[in-house]
Ligand code: C2E
Ligand code: CA
Ligand code: CA
Ligand code: CA
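In the UniProt record's numbering, the protein residues as written are 762 to 1046.
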């Protein structure tokens, strides 16, 4: 909205109004989507590099475009991505209902795969920082695990590094409680926070997920190569597993393998797809 020079006040006001209107329309659309359960989950495999076995599936939320209401400028053909709608849902508190649905749906699907004899390892969900700050997540998780009958070792929780730092002093205790539930804990988008690494040895996490920004220019970018190599050695030194996200090319995979990275995730293996398309990637018990 600061695209024009100083004497173009009317343009500025207009742009600002448009922005505010768009935001309001997005909120309305999301509120309806929550009321009418217009979300779905897609799943993306995480693959063990030593044998390409699928060892986990990340659940990623999608706004169901088929059922999307027309809300002015946002209506019709426009599809909102989680990067666009999750922040709005965090600001407005809608994230609590969304998150509850995501956890329940992922656990229910995990239970269904178990019942079908499919070996998916773990189903991973993302938790928002604002969810953590608000509290009550551990209790809700425990309750959903019981209700859906998914054994906790089949659930993985991804929390961003930034998210943990924002939740302040409570972070360690929060993770301890999750750990006591028996779920698997991963630090997401590792390397993007500017926090101290000292927390890694205190937190009861099992895995680090290296952010895509460090992976995308491998293997040609030497700086990224050095950083990724260091992250992997450090993680292994702390007896943590390492996942690299955003792996798209065979030469990225080869490079990561040569550094001893444990797991990879990205378009090279599969895009996030509906649950129905996941079964063919899994082996039977
Ligand atoms: P994230 O947790 O870092 O998820 C990885 C994102 O990278 C996903 O985008 C995924 O589709 C995308 N991706 C995976 N492989 C590749 C690849 O090889 N190349 C590229 N360019 N991208 C790849 P998506 O699904 O649009 O989600 C974006 C973000 O929205 C997620 O980032 C996460 O922070 C958030 N999000 C998604 N679902 C949920 C949810 O259920 N709850 C919460 N709290 N956040 C969610
Ligand atoms: Ca994630
Ligand atoms: Ca990530
Ligand atoms: Ca990321």
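Built from N, CA and C at the ideal position, the CB exists for glycine as well. From a predicted model like this one, the values you see are computed outputs, not experimental measurements.
Pair within 8 Å by beta-carbon distance, residue 923 and residue 890: Residue numbering aside, residue 923 sits at position 162 when the chain shown is read from its first letter. Residue numbering aside, residue 890 sits at position 129 when the chain shown is read from its first letter. Here residue 923 is near residue 890, since their CB atoms are less than 8 Å apart.
Residue 823 - DSSP class collapsed to helix/strand/coil: Start at 1 with the first residue of the chain shown, and residue 823 comes out as number 62. For residue 823, the three-state secondary structure derived from DSSP is strand.
Where the beta carbon is closer than 5 Å to any heavy atom of ligand 2, which residues qualify, in chain order? Listed by chain position, these are 887, 919 and 949.
Looking at residue 806 and ligand 1, is the gap between the Cβ and the nearest heavy atom below 7 Å? The residue you call residue 806 lines up with position 45 of the chain shown. Not one heavy atom of ligand 1 sits closer than 7 Å to the Cβ of residue 806.
Of all the options 878, 994, 907 and 899, which has the alpha carbon lying nearest to the alpha carbon of residue 1046? Position 285 of the chain shown, counted from the first residue, corresponds to residue 1046. For residue 1046, the closest of 878, 994, 907 and 899 by C-alpha to C-alpha distance is 878.
Answer yes or no: the CB of residue 858 versus the heavy atoms of ligand 1, is any distance below 7 Å? What you label residue 858 is simply residue 97 of the chain shown in a count that begins at 1. Closer than 7 Å to some heavy atom of ligand 1: that does not describe the Cβ of residue 858.
Between the C-alpha atoms of residue 998 and residue 920, what's the straight-line distance to the nearest angstrom? For the purposes of this step, residue 998 is identified with residue 237 of the chain shown, where counting begins at 1. For the purposes of this step, residue 920 is identified with residue 159 of the chain shown, where counting begins at 1. Residue 998 and residue 920: Cα-Cα distance of roughly 21 Å.
Does residue 830 come out as helix, strand or coil in the three-state DSSP assignment? The sequence position of residue 830 within the chain shown is 69, counting from 1. In this prediction, residue 830 has a pLDDT of 49, which is less than 50 and means its spatial position is unreliable; what the coordinates show is noted afterwards. It is coil, neither helix nor strand.
Which residues mark the beginning and the end of the alpha helix (DSSP H) in which residue 876 is found? On the chain shown, position 115 is the one that residue 876 refers to. 856–876 is the extent of the alpha helix (DSSP H) around residue 876.
Kindly indicate which three-state DSSP category residue 1025 falls into: helix, strand or coil? For the purposes of this step, residue 1025 is identified with residue 264 of the chain shown, where counting begins at 1. Residue state, collapsed to three classes: strand.
Does the beta-carbon of residue 958 have 16 or more other beta-carbons within 10 angstroms, so that it is buried, or is it exposed? Counting from one through the chain shown, the residue named residue 958 turns up at place 197. Exposed is the label assigned to residue 958, since fewer than 16 other Cβ atoms lie within 10 Å of its Cβ.
Would you say the beta carbon of residue 1025 is closer than 7 Å to some non-hydrogen atom of ligand 1? In the chain shown, counting from the first residue as 1, residue 1025 sits at position 264. Residue 1025 has its Cβ no nearer than 7 Å to any heavy atom of ligand 1.
Can the beta-carbon of residue 824 be found closer than 8 Å to that of residue 799? Taking the first residue of the chain shown as 1, we reach residue 824 at position 63. Taking the first residue of the chain shown as 1, we reach residue 799 at position 38. Yes, Cβ-Cβ distance for residue 824 and residue 799 is below 8 Å.
Rounded to the nearest angstrom, what separates residue 830 and residue 787 at their Cα positions? Residue 830 sits at position 69 when you count from the first residue of the chain shown. Residue 787 sits at position 26 when you count from the first residue of the chain shown. Residue placement at residue 830 is poorly supported in this model, since its pLDDT is 49, which falls under 50; the coordinates still yield a value, given next. Straight-line spacing of the CA atoms in residue 830 and residue 787 works out to 11 Å.
Near ligand 1: residue 869 beta-carbon under 7 Å from a heavy atom: As a first step, residue 869 is located in the chain shown; it is residue number 108 there, counting from the start. Checking the Cβ of residue 869 against ligand 1 gives no.
Does the beta-carbon of residue 1011 have 16 or more other beta-carbons within 10 angstroms, so that it is buried, or is it exposed? One-based indexing of the chain shown puts residue 1011 at position 250. Flag for residue 1011 reads exposed.
What residue from 815, 896 and 935 has the CA that sits closest to residue 882's CA? Start at 1 with the first residue of the chain shown, and residue 882 comes out as number 121. For the options 815, 896 and 935, the alpha carbon positioned closest to that of residue 882 is the one of 815.
Roughly how many angstroms separate the alpha carbons of residue 951 and residue 972, rounded to a whole number? Numbered from its first residue, the chain shown carries residue 951 at position 190. Numbered from its first residue, the chain shown carries residue 972 at position 211. If you take the alpha carbons of residue 951 and residue 972, they lie about 5 Å apart.
In the structure shown, what three-state DSSP assignment does residue 975 receive? As a first step, residue 975 is located in the chain shown; it is residue number 214 there, counting from the start. In the three-state scheme derived from DSSP, where H, G and I count as helix and E and B as strand, residue 975 is classed as helix.
What are the complete alpha helix (DSSP H) segments, minimum 4 residues, inside the segment 980–1006? Along the segment 980–1006, the alpha helix (DSSP H) occurs as fully enclosed runs of 4 or more residues at 983–998, listed in sequence order.
Hey, would you say residue 963 sits closer than 8 Å to residue 917, going by beta carbons? Here residue 963 corresponds to residue number 202 of the chain shown, with the count starting at 1. Here residue 917 corresponds to residue number 156 of the chain shown, with the count starting at 1. Not a contact, by the Cβ cut-off of 8 Å.
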